[in-house]
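Below is one structure; the comments refer to it alone.
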Amino acid sequence: MSFAFGIGIGSQNQKSEWLEVFYQQPVLMPDDELIEVARNTLGYHSGNQAIEASADQLKAFAEALGSTSQTQQAALARKAAESRKPVAVTILETDDSATSTPEVYLKLHLLSHRLVKPHGVKLDGIFGLLPNLAWTNEGAIDLGELPERQLQARLEGRILEVKSVDKFPQMTDYVVPRGVRIADTARVRLGAYVGEGTTVMHEGFINFNAGTEGTSMIEGRVSAGVMIGKGSDLGGSSSTMGTLSGGGNIVISVGENCLLGANAGIGIPLGDRCTVEAGLYITSGTKVALLDDQNNLVEVVKARDLASKTDLLFRRNSQTGAVECKTNKTAVELNEQLHANN
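Here the numbering used here runs 1055 ahead of the position in the sequence shown, where the first position is 1.
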């Protein structure tokens, strides 16, 4: 059985190099009959491959799929045959490292469509396969071709708006998951996993290969590789340290019903029902004073020794400045009205 499949409508530069690809209906673990039809009509043999399919190939592919159970993919192939943009039929036999831009985009779509969770797909080496592009109101544009496109737009009485210059587009130009609120869509990258019931406020940010299980309030930064558990709240300007920004091989995560106060941050994974007070940033080497229920010092440990443990309250002593940790049995209950996504 193959790993993933997708029919994508993409963009290319003047050198016919892929810039980006939109997959409306990516498939995880596609049926063998779908792959067999691709072999018979698109020239697919084996391995991981992105096939730039012609209109005739797509029509033949759709017709052959018509006699199978793959009705949705057949309908999509018929529509793609009419596309004025290039079409990529991407087949991933295995979850090996990507070798082309269409392959990377299929993997990012799998995440944002909630078909796989962060760390559930191999993404090493993708930066070299994602071109840095101008993301505009007219789509993705090769940076080398941007000045001419800007001039042409002005000559035609239009303004070409460049919304960002980046390797990653915003998720909502490709996928809008069910049951979420996103106040500023530019702050959620394609490849984010946004669970149902999540609210991302204006200053919230979710990177690729990161996300939420759902019913979370995100007003802080969810860095690459970080997963936030259900019912957890990231306060304004709070931060999670990603594996790309100093976390090393430690996978940072936040358990269920946790609270990171405003301007707080973590460089260790938190268990369930943990609280980090506003303004306190905890790294793995932070010295933490463990207190008993009478506020007496038990011992001093490094924060990494408390990784993934539940029911903890991290605070800073306002008189001594020492970072302290106590057991916290009060779960964080988010305001239900704030999380009404219907």
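In this text, a Cβ means the ideal position worked out from N, Cα and C, and glycines have one as well.
Exposed unless 16 or more other CB atoms sit within 10 angstroms - verdict on residue i
{"i": "Q1127", "result": "exposed"}
{"i": "K1342", "result": "exposed"}
{"i": "V1082", "result": "buried"}
{"i": "R1233", "result": "exposed"}
{"i": "H1168", "result": "buried"}
{"i": "A1108", "result": "buried"}
{"i": "Q1125", "result": "buried"}
{"i": "H1257", "result": "exposed"}
{"i": "G1302", "result": "In this predicted model, G1302 has a pLDDT of only 45, less than 50, meaning its place in the structure is not dependable; the value taken from the coordinates is given anyway. Buried."}
{"i": "Q1349", "result": "exposed"}
{"i": "P1085", "result": "buried"}
{"i": "P1157", "result": "buried"}
Contact belief for residue i with residue j at Cβ below 8 Å, rounded distance in angstroms
{"i": "G1121", "j": "A1129", "result": "5 Å"}
{"i": "L1210", "j": "V1144", "result": "So it is not a contact: roughly 37 Å between Cβ atoms."}
{"i": "Y1078", "j": "P1173", "result": "So it is not a contact: roughly 19 Å between Cβ atoms."}
{"i": "L1361", "j": "T1382", "result": "That pair is no contact at about 11 Å."}
{"i": "N1339", "j": "N1318", "result": "Here the sequence assigns Ser to residue 1339, which means Asn is not the residue at that position. Going by Cβ atoms, the distance from S1339 to N1318 rounds to 19 Å, so no, they are not a contact pair."}
{"i": "A1119", "j": "A1136", "result": "Between A1136 and A1119 the Cβ distance is about 13 Å, and since that is not below 8 Å, they are no contact."}
Contact under 8 Å by Cβ, residue i with residue j
{"i": "I1296", "j": "S1308", "result": "Checking the sequence, you will find Met at residue 1296 rather than Ile. No; because the gap between Cβ atoms is not below 8 Å, this pair is not in contact."}
{"i": "G1266", "j": "G1252", "result": "no"}
{"i": "G1275", "j": "L1289", "result": "yes"}
{"i": "I1196", "j": "L1206", "result": "no"}
{"i": "C1329", "j": "T1365", "result": "yes"}
{"i": "R1242", "j": "G1259", "result": "yes"}
{"i": "L1185", "j": "V1217", "result": "no"}
{"i": "I1146", "j": "A1093", "result": "yes"}
Alpha-carbon to alpha-carbon, residue j and residue i
{"i": "K1140", "j": "S1066", "result": "7 Å"}
{"i": "F1060", "j": "D1221", "result": "26 Å"}
{"i": "S1271", "j": "V1142", "result": "37 Å"}
{"i": "D1239", "j": "K1070", "result": "34 Å"}
{"i": "Q1104", "j": "F1223", "result": "21 Å"}
{"i": "I1062", "j": "R1133", "result": "11 Å"}
{"i": "I1337", "j": "E1379", "result": "11 Å"}
{"i": "N1404", "j": "R1204", "result": "This structure leaves residue 1404 out entirely; the chain is present only between 1056 and 1397."}
{"i": "F1182", "j": "V1076", "result": "15 Å"}
{"i": "T1254", "j": "E1088", "result": "39 Å"}
{"i": "F1263", "j": "N1351", "result": "43 Å"}
{"i": "F1369", "j": "L1345", "result": "10 Å"}
{"i": "T1385", "j": "A1377", "result": "The predicted model places T1385 with a pLDDT of 49, which falls under 50 and marks its position as unreliable, so this point remains unresolved."}
{"i": "L1074", "j": "E1332", "result": "43 Å"}
{"i": "S1300", "j": "Q1374", "result": "Any reading at S1300 is ruled out, since the residue's pLDDT is 49, under 50, leaving its predicted position unreliable."}
{"i": "V1231", "j": "V1353", "result": "49 Å"}
{"i": "E1072", "j": "N1312", "result": "45 Å"}
Of the listed residues the options, nearest to residue i (C-alpha basis)
{"i": "G1194", "options": "D1228, L1206, L1184, E1211", "result": "D1228"}
{"i": "G1310", "options": "A1317, P1324, T1382", "result": "P1324"}
{"i": "L1178", "options": "V1243, S1152, G1098, F1223", "result": "S1152"}
{"i": "D1327", "options": "G1286, G1334, D1360, E1203", "result": "G1286"}
{"i": "F1058", "options": "G1291, G1102, G1183, R1371", "result": "G1102"}
{"i": "V1175", "options": "L1201, A1333, G1246, D1086", "result": "Per the sequence shown, residue 1175 should be read as Gly rather than Val. Among L1201, A1333, G1246, D1086, the Cα nearest to that of G1175 is on G1246."}
{"i": "Q1225", "options": "N1095, S1373, H1164", "result": "H1164"}
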